[in-house]
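The numbering of the sequence shown is the working numbering, which starts it at 14 and goes up by one.
All remarks here apply to the structure that follows.
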Amino acid sequence: MKKSLSILILLFSIIFCYADAGMWLPLLLKQKEAEMQKLGFKLTAEDVYSVNHSSMKDAVVFFGKGCTGEVISKKGLILTNHHCGYYEILKLSTLENNILQNGFWAASHNDEISIAGLTVTFLMYMAEVTEDVLKGVDEKQSLLERDELIRKNIQTKIKKTIENTDFSAEIKPFFYGNQYYIFVSREFKDIRLVGTPPESIGKFGGDTDNWMWPRHTGDFALYRVYANKNGDPVPYSPDNVPLKTESFFPISIKGIEEGDFTMVLGYPGTTQQYLISDGIDMVVNYRNPPLIQQRGTRLDIMKKYMDMQPEVRLMYSGKANTIANGWKKAIGENKGIKETKALNARDKEEKVLELLSTQTVDAYNRFTLLLEIKALYETYKEMETKVVTLRETFQAVELGRFIESVREELTKDYPYSLENKTKLLERAESFYSNYYKPIDKEVFVELLYYYFNNSKKECIPELLQKYADIERESLQGMAKQIYDHSIFSTRENFVRFVETASKKEIAAVHKWLSGNRMFLIANQALTEINNNSYTERTLPNIRRQVDAKYRDWVAFAAKDTTGRYFPDANLTMRVAFGKMEGFSPYNGMVYLPYSTTDGILQKENPNIYDYQVDNKLKDVILYKDFGQYADANGEMRVAFIASNHTAGGNSGSPVLNGNGELVGINFDRAWEGVMSDLYYDISRCRNISLDIRYILFIVDKFAEAGHLIEEMEIRN
Ligand code: ASP
14 MKKSLSILIL LFSIIFCYAD AGMWLPLLLK QKEAEMQKLG FKLTAEDVYS VNHSSMKDAV
74 VFFGKGCTGE VISKKGLILT NHHCGYYEIL KLSTLENNIL QNGFWAASHN DEISIAGLTV
134 TFLMYMAEVT EDVLKGVDEK QSLLERDELI RKNIQTKIKK TIENTDFSAE IKPFFYGNQY
194 YIFVSREFKD IRLVGTPPES IGKFGGDTDN WMWPRHTGDF ALYRVYANKN GDPVPYSPDN
254 VPLKTESFFP ISIKGIEEGD FTMVLGYPGT TQQYLISDGI DMVVNYRNPP LIQQRGTRLD
314 IMKKYMDMQP EVRLMYSGKA NTIANGWKKA IGENKGIKET KALNARDKEE KVLELLSTQT
374 VDAYNRFTLL LEIKALYETY KEMETKVVTL RETFQAVELG RFIESVREEL TKDYPYSLEN
434 KTKLLERAES FYSNYYKPID KEVFVELLYY YFNNSKKECI PELLQKYADI ERESLQGMAK
494 QIYDHSIFST RENFVRFVET ASKKEIAAVH KWLSGNRMFL IANQALTEIN NNSYTERTLP
554 NIRRQVDAKY RDWVAFAAKD TTGRYFPDAN LTMRVAFGKM EGFSPYNGMV YLPYSTTDGI
614 LQKENPNIYD YQVDNKLKDV ILYKDFGQYA DANGEMRVAF IASNHTAGGN SGSPVLNGNG
674 ELVGINFDRA WEGVMSDLYY DISRCRNISL DIRYILFIVD KFAEAGHLIE EMEIRN
């Protein structure tokens, strides 16, 4: 009996029991309470999440489209990362009034700048709804039928839940659909910028420092939530007032030291902790390499031109940021998986399962399931590479995307209807005002050259295979034709065409477009592979099959009630806990757990945009004018690392001490542990947070915006 029990535990925990990893559902935090308290948490699970009284979850918000933020005053003041509102800040910036470069601090509510499209969402409650969602589901249904029924059940449940309220709700699968939870929220739409440091602070170190420790980036910005006089979420109106927020985080300036408890509450986006070895192999060897290659080329080209002209920098820094973030992460992920030998480790675990499979029925069944998943990966891997290479090449060419977006209207009728004309002109306006041709032209040549000369033949759609091994000169010729001699070559040419083209000219463009079918074919191929229909060779279909197998594979973890397993991140609120701690990334090297402003001066380099230091900041650092924000040694801490399991989406999350006071905000992870979305290793995985004292120091001493400090609750 004993033997079979231990085999069972081995069997099920095989392949993914990471001690110390974990992003826990606040609702189930009771399971982790004792463990947290042992580490230094002085409160209870109920203080973190409660539906009966106010709790920490009320002060945590989903910010924008994929970040976290927290409430830090009674008047709806929100703290998050600078990079979370980067696009919005960029959009407000012009060469004449460059908020991105110079920073911005509202002197009063009247100066706070409304940001169209930005939202902040408060979670009201979450609840398990597995029974409702799986109602009517049975084994005889095909996967497609099953999904369809689940989709309908979800719709019904959501409708019923939010009827006659101003709430929104979503239902998400956990453990690959073994469980479902509903999240009921309130989304606020009038969000205003209150303060942002200049980019030289908020993005200090740029892409070079991104995903790296030690860090000196003041990655924060302040916003405010506005509502109508009743506190309801309404669109922008000058009559709106700051939202009264009863729950907000008090701020501790006592600071934390190595070994102290830390907790992160936020919205991690995606993890894949339960992958079998083939799943990791797919990410590392089939998905990441083409992404790294093509994005690297694109970034080099962008940077070359951005460094030459400030207006190009303003236009492309947002685009470059997004590309660079994923690019560098993919490099780090591959490096981490290689250095931790994660793939080998998982392979070995699977071998153990194979050996056990001759001994018990359970092991035999589990091993059979493993083989079934492996078989599916044969197709999955190949399709993944095909999609990623196509996407990272053809979707990267801006003019190609623009042509695709206007192709239909451009060739539909003659003369153009007013509606058509308006659409075309609007699209042209938004495209060309944010577009620098020399970058795109070079991207076109270089990405396509690489694609056609390095892709495996089976990864190139059949109709494009004639271009395999194409010479660079031929691509340059093509680029000349499209970029210099077509109606798309400039905004003026395009507008003139739309305004004045004759029937004959439209026919000629139609013909020309059909002759230049490369983008059309690439796009069609992408659409076909991504098609959600139940045909054999589409990516969603193979994913559906793989996920269905994983549902069985992780069923044991979903059933467990002891709090040993956590569901993968899926952009729902989670709690991660650990402690502030340094680590040794490599033999003979030690990373200290915090950085100070001395590092800013050490990194300063007036010749490199990302390492320029604002003179005023330099002065306050040199004079050590740190006030009450200095640490016990009189130094100013900037950032710290801790062993909280976080992921993309946790950006801006509150980092709390054992008393639930704010001691920092999360903004990144250390390079050596970037593979933590796939494989968490406590010896090298660290989240990076900005010390709250540096934030206050910048607001107070640098921006001289003491009125903002006054509305916070600062604890010594
Ligand atoms: N830098 C990340 C983000 O943008 C945070 C992380 O992935 O750790 O969400």
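We treat Cβ as the ideally placed atom computed from N, Cα and C, and that holds for glycine.
Model, not experiment: these values are computed from the prediction.
Assigned secondary structure, residue i (DSSP; H/G/I helix, E/B strand, else coil)
| i | result |
| --- | --- |
| residue 55 | coil |
| residue 625 | coil |
| residue 82 | strand |
| residue 502 | coil |
| residue 50 | helix |
| residue 221 | helix |
| residue 246 | coil |
| residue 14 | Because residue 14 sits at a pLDDT of 40, beneath the cut-off of 50, its placement in the model cannot be relied upon, and the point is left open. |
| residue 192 | strand |
| residue 226 | coil |
| residue 252 | coil |
| residue 36 | coil |
| residue 237 | strand |
Inter-residue Cα distance where the pair is residue i and residue j
| i | j | result |
| --- | --- | --- |
| residue 146 | residue 222 | 44 angstroms |
| residue 166 | residue 148 | 7 angstroms |
| residue 59 | residue 75 | 21 angstroms |
| residue 161 | residue 387 | 26 angstroms |
| residue 606 | residue 218 | 19 angstroms |
| residue 248 | residue 695 | 44 angstroms |
| residue 622 | residue 331 | 15 angstroms |
| residue 680 | residue 79 | 13 angstroms |
| residue 365 | residue 291 | 16 angstroms |
| residue 208 | residue 82 | 14 angstroms |
| residue 274 | residue 591 | 6 angstroms |
| residue 557 | residue 183 | 20 angstroms |
| residue 177 | residue 171 | 12 angstroms |
| residue 484 | residue 462 | 7 angstroms |
| residue 102 | residue 703 | 20 angstroms |
| residue 560 | residue 194 | 18 angstroms |
| residue 185 | residue 191 | 11 angstroms |
| residue 486 | residue 412 | 19 angstroms |
| residue 130 | residue 395 | 38 angstroms |
| residue 45 | residue 629 | 46 angstroms |
| residue 123 | residue 455 | 45 angstroms |
| residue 42 | residue 686 | 25 angstroms |
| residue 506 | residue 522 | 13 angstroms |
| residue 515 | residue 551 | 41 angstroms |
| residue 240 | residue 636 | 42 angstroms |
| residue 670 | residue 276 | 7 angstroms |
| residue 722 | residue 712 | 8 angstroms |
| residue 73 | residue 134 | 9 angstroms |
| residue 642 | residue 706 | 5 angstroms |
| residue 397 | residue 299 | 7 angstroms |
| residue 62 | residue 658 | 19 angstroms |
| residue 663 | residue 698 | 15 angstroms |
| residue 189 | residue 383 | 16 angstroms |
| residue 143 | residue 601 | 50 angstroms |
| residue 736 | residue 672 | Past the boundaries of the shown model lies residue 736; the chain is included only from 14 to 729, so the question cannot be answered. |
| residue 728 | residue 265 | 5 angstroms |
For residue j and residue i, believed in contact at Cβ under 8 angstroms, the rounded distance
| i | j | result |
| --- | --- | --- |
| residue 399 | residue 534 | 13 angstroms between Cβ atoms; not a contact. |
| residue 235 | residue 90 | 6 angstroms |
| residue 449 | residue 651 | Rounded, the Cβ-Cβ distance is 34 angstroms, inconsistent with contact. |
| residue 688 | residue 346 | 5 angstroms |
| residue 724 | residue 86 | 4 angstroms |
| residue 405 | residue 307 | 4 angstroms |
| residue 369 | residue 343 | Not a contact, Cβ separation roughly 35 angstroms. |
| residue 611 | residue 714 | That pair is no contact at about 16 angstroms. |
Contiguous alpha helix (DSSP H) assignments of at least 4 residues, all confined to the segment 543 to 614: Within the segment 543 to 614, the complete alpha helix (DSSP H) segments at least 4 residues long are 552 to 566, 568 to 572, listed from N- to C-terminus.
Contained beta strand (DSSP E) runs [length at least 3] in the segment 617 to 703, N- to C-terminal order: Fully enclosed beta strand (DSSP E) runs of 3 or longer: 650 to 655, 667 to 669, 675 to 682.
Those runs of the alpha helix (DSSP H) which lie wholly inside the segment 60 to 110 and span at least 4 residues: Counting whole runs of 4 or more residues, the segment 60 to 110 contains the alpha helix (DSSP H) stretches 99 to 105.
Uninterrupted alpha helix (DSSP H) stretches inside the segment 460 to 496 (no shorter than 4 residues): If one requires a minimum length of 4 residues, the alpha helix (DSSP H) runs lying completely within the segment 460 to 496 are 485 to 492, in chain order.
Residue ranges of each alpha helix (DSSP H) within the segment 131 to 171, 4 or longer: You should have 143 to 146.
Any alpha helix (DSSP H) of 4 or more consecutive residues that is wholly inside the segment 366 to 427: The qualifying runs are 374 to 407, 411 to 425.
Inside the segment 304 to 379 only - alpha helix (DSSP H) runs reaching at least 4 residues: Taking only runs of at least 4 residues, the alpha helix (DSSP H) segments lying wholly in the segment 304 to 379 are 323 to 352, 355 to 369.
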